[in-house]
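Asks:
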Amino acid sequence: MKLFNTITRRESVFRPIRKGKVGMYSCGPTVYAHAHIGNLRAYIVSDILKRTLIHDSYSVKHVMNITDVGHLVGDGSIGEDKLKMTARLTRMSPNEVARHFESLFLKDIRALNILEPDVVARATEHIPQMLKIAYALDSKGYLYKTDTGMYFDTSKFPSYGKLAGMGFKRLNMSLIGGARVERPEGTKNITDFAVWRLSKPDESEMVWPSRFGRGFPGWHIECSAISMEYLGRHFDIHTGGVDHIPIHHQNEIAQSESYSGEKFVNYWVHNEFIKVNGRKMSKSLRNIYTLDDLAERGFAPLDFRYFAISGHYRSIINFTFEGLANSKNTLDSIRSTTSKLSSILDSKGSEAERRGDPEFQKNMLKERNEFFKAVNNDMGLPEALTHLHSIIKESRRRLGRGEIGRTDAETVRDIIIEIDSILGLELWRPKAEREVSKEIMELVERREQARATKRFKDSDSIRIELRDRYGVIVEDTNNGPEIHFINED
Ligand SMILES: [Zn+2]
Numbered sequence: 004m005k006l007f008n009t010i011t012r013r014e015s016v017f018r019p020i021r022k023g024k025v026g027m028y029s030c031g032p033t034v035y036a037h038a039h040i041g042n043l044r045a046y047i048v049s050d051i052l053k054r055t056l057i058h059d060s061y062s063v064k065h066v067m068n069i070t071d072v073g074h075l076v077g078d079g080s081i082g083e084d085k086l087k088m089t090a091r092l093t094r095m096s097p098n099e100v101a102r103h104f105e106s107l108f109l110k111d112i113r114a115l116n117i118l119e120p121d122v123v124a125r126a127t128e129h130i131p132q133m134l135k136i137a138y139a140l141d142s143k144g145y146l147y148k149t150d151t152g153m154y155f156d157t158s159k160f161p162s163y164g165k166l167a168g169m170g171f172k173r174l175n176m177s178l179i180g181g182a183r184v185e186r187p188e189g190t191k192n193i194t195d196f197a198v199w200r201l202s203k204p205d206e207s208e209m210v211w212p213s214r215f216g217r218g219f220p221g222w223h224i225e226c227s228a229i230s231m232e233y234l235g236r237h238f239d240i241h242t243g244g245v246d247h248i249p250i251h252h253q254n255e256i257a258q259s260e261s262y263s264g265e266k267f268v269n270y271w272v273h274n275e276f277i278k279v280n281g282r283k284m285s286k287s288l289r290n291i292y293t294l295d296d297l298a299e300r301g302f303a304p305l306d307f308r309y310f311a312i313s314g315h316y317r318s319i320i321n322f323t324f325e326g327l328a329n330s331k332n333t334l335d336s337i338r339s340t341t342s343k344l345s346s347i348l349d350s351k352g353s354e355a356e357r358r359g360d361p362e363f364q365k366n367m368l369k370e371r372n373e374f375f376k377a378v379n380n381d382m383g384l385p386e387a388l389t390h391l392h393s394i395i396k397e398s399r400r401r402l403g404r405g406e407i408g409r410t411d412a413e414t415v416r417d418i419i420i421e422i423d424s425i426l427g428l429e430l431w432r433p434k435a436e437r438e439v440s441k442e443i444m445e446l447v448e449r450r451e452q453a454r455a456t457k458r459f460k461d462s463d464s465i466r467i468e469l470r471d472r473y474g475v476i477v478e479d480t481n482n483g484p485e486i487h488f489i490n491e492d
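Residue 352 in the working numbering sits at position 349 of the sequence shown, with consecutive numbering throughout.
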């Protein structure tokens with residue numbers, strides 16, 4: 004597979020550190036608000052990457068953090084902690100805020116068919132790992148103390164700025180940009196960032212004791228600590244949105260490499276933004292949408308998934324409801340074709356009907372190969388999708404003329420299911436739904452009750468039982484739970 008690597012600024016063939024294995028880390032959500040479609044694009048992109056690597060026979064270990072402390076409103080070292088801010092506004096405790104939005108986030112990624120990471124790690128449960136790194140950085144002389152916390156001296160890390168394609172001086176100048184820039188008092192360079200923040204005397208929640216004094220970790224140290232904890236000091240791929248390039252990921256690199264003395268990450272993969280009606284998403288424009296907002300207008304999560312992957316991950320995509328409606332129509336039309344194909348497989352036709360056309364099958368396989376070639380070329384989904392559309396178009400044309408035999412339908416089915424192992428769009432939904440047994444219905448009902456009474460641990464374990472024992476995925480929709488079978492064919 005070829006990938007564009009932000010740090011080298013070019014495409015190169017992906018080579019894993021360990022043969023056949025990939026360690027991959029994605030910056031997770033800051034759980035202080037409901038994730039919007041711009042946030043969700045990043046997880047869809049990393050999901051496509053992961054699914055492609057799995058299809059290429061790699062065994063992928065995927066780790067994601069949950070930021071439930073330390074992320075300040077300004078992304079850098081200025082402002083209030085985002086969680087504490089929501090807690091103040093909603094009169095919930097920071098922990099209640101975190102658990103509430105974390106469960107909403109996990110629900111969203113399931114609804115989007117995003118494969119759950121192998122490790123989902125909360126920042127608040129990895130304070131000792133963060134402090135271990137902070138203490139080591141301190142003893143190596145990388146940190147200095149101010150009234151507000153322990154800061155990393157970025158001038159001591161020679162390649163600081165490389166990810167953003169700038170030298171240390173230029174990056175500092177560009178951040179200053181002539182304007183007055185707010186920065187914490189006592190810091191030496193504008194790019195310096197807090198590894199540990201000291202709490203105020205009246206703060207009692209989300210604070211931990213440390214050698215530096217009572218406080219809480221900086222946002223960046225959490226990703227370094229969690230990624231290295233589960234993937235080792237040097238791992239293959241780190242993903243995230245382009246907004247993380249100038250500050251967050253730069254800081255992750257500086258502190259991780261200063262700590263370990265090794266290269267931190269081989270491939271940096273960044274996805275672009277989503278704009279809404281050509282404008283940046285912002286609260287003041289009221290153009291921030293969640294999956295629930297889309298559902299209110301009749302769109303399913305997978306309609307949005309299709310929309311999100313129809314643009315290249317390194318291009319800004321412009322979200323409009325017309326565009327989303329087009330995605331929905333396209334998806335419906337693909338599914339209506341696959342459902343016709345599936346009824347051919349269900350029917351008991353004569354020998355003649357069973358015969359197929361080897362030429363057609365050969366063409367379909369050619370399109371299939373082109374699809375995977377495009378996906379493996381830096382996730383070239385817009386091109387890959389044209390090959391899927393060729394398959395659907397030609398199948399539809401032949402269906403219309405009654406020219407699809409059983410082996411033709413089988414060939415297309417296998418191809419669509421394989422393609423969908425990357426796209427995750429439920430393209431092959433059989434007409435005859437499998438029978439939902441009494442046991443399954445009972446479990447679904449018990450799960451609903453657990454959810455209604457906010458016993459999320461119970462509802463989660465029932466969800467896992469449904470998946471592992473019955474091969475059933477429950478999707479929570481506005482009309483109640485919907486049941487899907489895994490590997491339907
Ligand atoms: Zn991160």
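Even glycine gets a Cβ: it sits at the ideal position worked out from N, Cα and C.
Exposed or buried, which one is L6 when buried takes at least 16 other CB atoms within 10 Å?
Replies: buried
Asks: How is S15 classed by DSSP in three states: helix, strand or coil?
Replies: strand
Asks: Taking just the CA atoms, how far does I40 sit from K172?
Replies: 35 Å
Asks: Just to check, is the beta-carbon of E225 closer than 8 Å to a non-hydrogen atom of ligand 1?
Replies: Yes, ligand 1 has a heavy atom inside 8 Å of this Cβ.
Asks: By the three-class DSSP mapping on this structure, what secondary structure does R472 have?
Replies: Here R472 sits in helix by DSSP.
Asks: For the putative contact between R416 and I407, defined by C-beta atoms under 8 Å, what is the C-beta separation to the nearest angstrom?
Replies: Contact doesn't hold; Cβ gap of about 11 Å is too wide.
Asks: What do you reckon, are the CB atoms on I27 and I312 nearer than 9 Å?
Replies: Contrary to the premise, residue 27 reads as Met rather than Ile in this sequence. In this structure, I312 does not lie closer than 9 Å to M27 by Cβ.
Asks: Put G216 into one of helix, strand or coil per three-state DSSP.
Replies: coil
Asks: For N280, which of Y316, F324 and L115 has the nearest alpha-carbon?
Replies: F324
Asks: Taking A453 as the reference, give the member of R466, F238, E128 and E232 with the closest Cα.
Replies: R466
Asks: Spatial neighbours of N175 within its chain, please: CB distance less than 7 Å, with the 5 preceding and 5 following residues excluded, ordered by chain position.
Replies: N192, I193 and T194
Asks: Please classify N372 as buried or exposed, where buried requires at least 16 neighbouring CB atoms within 10 angstroms.
Replies: Of the other Cβ atoms in all chains shown, fewer than 16 fall within 10 Å of the Cβ of N372; this residue is therefore exposed.
Asks: Please work out which residues of its chain come closer than 6 Å, Cβ to Cβ, to G181, disregarding the five sequence neighbours upstream and downstream, and give them in chain order.
Replies: Because the pLDDT of G181 is 47, which lies under 50, any placement of that residue in the model is unreliable, and the number read from its coordinates should be weighed accordingly. Cβ neighbours of G181 beyond the five flanking positions: none.
Asks: For T93, which residues in the same chain have their Cβ closer than 8 Å to its Cβ, ignoring the five residues on either side in sequence?
Replies: A distance below 8 Å between beta-carbons, with the five flanking residues on each side excluded, links T93 to the following residues of its chain, in chain order: V100.
Asks: Taking contact to mean at least 3 C-beta pairs separated by less than 8 Å, is the stretch 160-167 in contact with the stretch 255-271?
Replies: yes
Asks: Are I291 and S285 closer than 9 Å when you measure CB to CB?
Replies: yes
Asks: Of the residues P97, E128 and L109, which one's Cα is nearest the Cα of S207?
Replies: P97
Asks: When the distance is taken between beta carbons, is Q364 closer than 9 Å to T414?
Replies: yes
Asks: Give the C-beta separation of T70 and A124 to the nearest angstrom, bearing in mind that I take them to be a contact with Cβ-Cβ under 8 Å.
Replies: 10 Å between Cβ atoms; not a contact.
Asks: Pull up the DSSP beta-bridge partners for E478, would you.
Replies: E485
Asks: If the criterion is Cβ atoms closer than 9 Å, does the pair M153 and A197 meet it?
Replies: A contact, by the Cβ cut-off of 9 Å.
Asks: Nearest CA to the CA of Y138: which residue from I420, S261 and R282?
Replies: The option with the nearest alpha carbon to Y138 is S261.
Asks: Just to confirm, are F215 and K148 a CB contact at a threshold of 9 Å?
Replies: yes
Asks: With a threshold of 16 other CB atoms inside 10 Å of the CB of L288, please say whether the residue is buried or exposed.
Replies: exposed
Asks: Check whether the stretch 367-381 touches the stretch 301-311, counting contact only when three or more Cβ pairs, one atom from each stretch, lie closer than 8 Å.
Replies: no
Asks: Using the Cα positions of M95 and V72, report the straight-line distance between them to the nearest angstrom.
Replies: 15 Å
Asks: Go through its chain and collect everything with a Cβ distance to P304's Cβ below 7 Å, but skip five positions before and after it.
Replies: A114, L115 and L294
Asks: With DSSP run on the structure shown, which of helix, strand or coil describes R125?
Replies: strand
Asks: So what's N290 in DSSP terms, helix, strand or just coil?
Replies: coil
Asks: Pick helix, strand or coil for K110, following the three-state DSSP scheme.
Replies: In this structure, K110 counts as helix in the three-state DSSP scheme.
Asks: Going by DSSP in three states, D71 sits in which element: helix, strand or coil?
Replies: Coil, per DSSP.
Asks: T151 to L134, Cα distance in whole Å?
Replies: 16 Å
Asks: Ligand 1 heavy atoms versus the CB of E255: any closer than 8 Å?
Replies: yes
Asks: So the candidates are K22, P484 and G31; which of them puts its Cα closest to the Cα of G243?
Replies: Distances from the alpha-carbon of G243 to those of K22, P484 and G31 put G31 closest.
Asks: Around the C-beta of R200, are 16 or more other C-beta atoms found within 10 angstroms, so that it is buried, or is it exposed?
Replies: buried
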